[in-house]
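Working notes, beginning with the structure itself.
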Amino acid sequence: MKLFVRLLRIISQRPFHTVVMAISNTRRVSNTMENERKRILSMVEKGTITASEALTLLEALEKEPKKESSSSYSTQEESKTSSQTHQQSGSSYSERHQEQKRSKKTDFPFNFEELFGGSKTGGSKSSAEKTKKSVNQSTEKLMDFMQTAFDKVKGMDLEFNMGPSLEFKHVFESENTELLDIEVSIANGKVTIRPWDEDFVRAECDVKVYRSEDQQKAVNQLKEQVVFETKFKKLRYLSDLKMIKLDTVLYVPKANYDRWDIRLFNGKFHGDGGNVNKVKVKTANGKIELSNMLVEKAELETANGGIEVTNARADYIDVDSVNGKVILEGAIDAVDAQSVNGKITVTTTSTTARKIDASTLAGAIEITVPDELSLDGTLKSNFGKFHVDFNDMDHVEEREEMMQRKLHFTRNREHASKLLLEADAKTGTISIHSSKGKSETKSDV
């Protein structure tokens with residue numbers, strides 16, 4: 098999952114032509130990685146390894162392409178050097194000199210003319226247009242490649258749905274208890290946490306058991322292998338069962354919690370209300386939703402699925418989504434939002450907001466902030482446009498190069514907090530709005 102997130106971070110820090118090089122290397126080893134992923138998923142299905150072990154193997158697999166790519170490139174360079182030495186042995190100094198020049202040209206890990214359809218040094222308008230068109234096509238190919246992988250991940254749930262199955266309901270309950278922490282780890286199934294007025298915990302489960310027709314045996318397996326306990330002011334709800342799907346609603350006492358730590362492999366998470374110091378949610382395949390939450394810090398990460406936070410009060414929210422849109426709404430003071438393939442929408446009503454940093458490879462960015470704030474903003478895009486809904490800015494500086502547009506602006510307000518705003522959309526439009534009125538006259542840059 099973090100492979101694509103790291104790709105996005107590389108893209109945001111490097112010139113665009115180096116991104117294409119990274120794309121080329123990624124595609125080169127994609128077939129091998131896909132076979133390994135299938136093998137790991139097959140092992141999970143058969144019960145050979147646990148879901149957590151599968152995640153560890155998938156993370157380790159991400160490191161292998163780098164080694165293979167480096168080894169392959171080194172071998173190719175050695176072959177080129179040997180061939181060039183043999184050809185030069187009987188030639189004059191001038192011929193050797195020309196051969197060295199050609200060798201230097203091929204030292205790049207990509208063919209500039211083949212990639213961009215023209216000369217590397219061409220400065221004409223026609224050349225620039227060809228370059229832009231070629232890179233656009235490369236970006237589209239990357240998106241197609243990624244979307245294919247995402248579609249396969251979406252079908253992951255179907256791989257569990259094999260053979261006969263039975264469905265029933267089951268309830269776990271605890272005695273009256275005081276809680277500060279919640280830990281949830283479910284291999285297969287979605288989870289909702291919902292605070293209530295009672296003093297005990299109740300887990301209502303919709304259970305689906307695959308490759309089994311014996312309900313009593315399945316119930317016994319749940320009781321024996323699912324961890325549901327409240328000790329030392331902590332709730333632990335853990336299931337490593339791959340062939341049993343647990344869709345769970347957790348009813349927990351209303352309290353000021355210190356930490357929620359949620360880890361899912363194949364399922365959606367929804368937090369409905371709650372006062373928590375730190376929320377950490379990670380899922381490989383599923384959407385993450387938080388609503389009506391009061392949190393100090395939230396870390397949300399999903400490989401395949403959107404992230405949606407609504408009506409929240411938060412000091413800091415950090416989100417990563419590889420494939421899916423990101424929506425953050427509420428009184429939020431600081432945001433770090435990243436998506437490889439999806440639109441990012443951030444709406445904060447906090448008059449003490451201090452930072453919003455958003456970046457996406459394929460998608461637009463839309464940010465709405467209070468009119469009372471002072472602003473220091475930097476917008477970047479390769480092919481997108483900028484729409485800034487503030488016509489009383491103090492300073493505007495725009496710079497445009499062949500494949501990079503950049504806009505910096507400031508807006509000062511007396512006795513107001515300053516918001517540092519950074520947005521980078523490689524292929525999409527960036528829009529900055531005032532919460533006072535999106536309908537007012539816009540300044541389009």
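Numbering of the sequence shown is given in this note's numbering, commencing with residue 98 and proceeding in unit increments. Just so it is clear, CB atoms sit at the ideal spot from N, CA and C, and this is done for glycine as well. Here the structure is a predicted model, which is why all the values come from computation and not from measurement.
If you follow the beta strand (DSSP E) that residue i is in, where does it begin and where does it stop?
i, result
"N353", "N353 to L361"
"E270", "S262 to E270"
"N317", "Unbroken run through N317 is the alpha helix (DSSP H), Q312 to Q322; no beta strand (DSSP E)."
"T289", "V288 to W293"
"F506", "R502 to R508"
"D412", "I404 to N420"
"F480", "Counting along the chain, F480 falls outside any beta strand (DSSP E), and DSSP gives it neither H nor E."
"G371", "F366 to N382"
"D543", "As shown, the chain starts at 98 and ends at 542. That puts residue 543 outside it, with no answer to give."
"G525", "No beta strand (DSSP E) contains G525, which DSSP labels as neither H nor E."
"D278", "D278 to I283"
"T399", "I385 to N401"
"N438", "V423 to N438"
"I441", "I441 to T445"
"L332", "K331 to S336"
"E497", "H492 to E497"
"V349", "I341 to P350"
"D486", "Note, D486: premise wrong, no beta strand (DSSP E); not H, not E."
"V304", "R299 to Y307"
Once the 5 residues before and after residue i are set aside, which same chain residues still bring their CB inside 6 Å of it?
i, result
"R360", "S282 and K379"
"S528", "E463 and H484"
"T442", "I424 and E463"
"E301", "V268 and V346"
"S309", "A315"
"T399", "T380, I385 and S418"
"T444", "E426 and T465"
"E133", "L158"
"E396", "K377 and D415"
"T507", "D473, D491 and H492"
"G371", "P292 and M390"
"N509", "S471 and D491"
Pop quiz: residue i and residue j are said to be a contact at Cβ under 8 Å. What is the actual Cβ separation, rounded to whole angstroms?
i, j, result
"S388", "T449", "Not quite, the Cβ-Cβ distance comes to about 22 Å (not below 8 Å), so this is no contact."
"V423", "G439", "6 Å"
"F483", "L470", "Incorrect: roughly 19 Å between the Cβ atoms, too far for contact."
"S336", "A284", "6 Å"
"D358", "E280", "5 Å"
"T446", "S532", "7 Å"
"S262", "V306", "6 Å"
"L517", "D473", "5 Å"
"E295", "P350", "6 Å"
"K342", "G402", "Actually they do not touch by this definition, with Cβ atoms about 17 Å apart."
"F265", "Q312", "6 Å"
"D454", "D486", "So it is not a contact: roughly 19 Å between Cβ atoms."
"K331", "D278", "4 Å"
Excluding five sequence neighbours on each side, which residues of the same chain lie with their C-beta closer than 7 Å to the C-beta of residue i?
i, result
"D412", "E393, K394, D430 and A431"
"F329", "none"
"K198", "In this prediction, K198 scores a pLDDT of 43, lower than 50, which makes its location untrustworthy; no coordinate-derived value is stated."
"L154", "I137"
"F325", "F269, A300 and Y334"
"A352", "L276"
Excluding the 5 residues flanking residue i on each side, which residues of the same chain have their C-beta closer than 8 Å to its C-beta?
i, result
"T289", "T345, V346, L347, F366, H367, G368 and D369"
"A461", "K440, I441, G481, A522, G525, T526, I527 and S528"
"M140", "I146 and A151"
"E497", "K503"
"F297", "E270, S271, E272, N273, T274 and P350"
"G383", "K287, L361, N363, G364, K365, F366, T399, N401 and G402"
"R451", "D430, A431, S514, K515, L516 and L517"
Touching or not, the stretch 417 to 430 and the stretch 490 to 503, by the rule of three or more beta carbon pairs under 8 Å?
no
Practice item. Determine, using beta-carbon pairs with one atom in the stretch 513 to 531 and one in the stretch 466 to 483, whether at least three such pairs fall under 8 Å. Key: yes
In chain order, which continuous runs of the beta strand (DSSP E) of length 3 or greater are located wholly inside the stretch 447 to 474?
452 to 459 and 462 to 466
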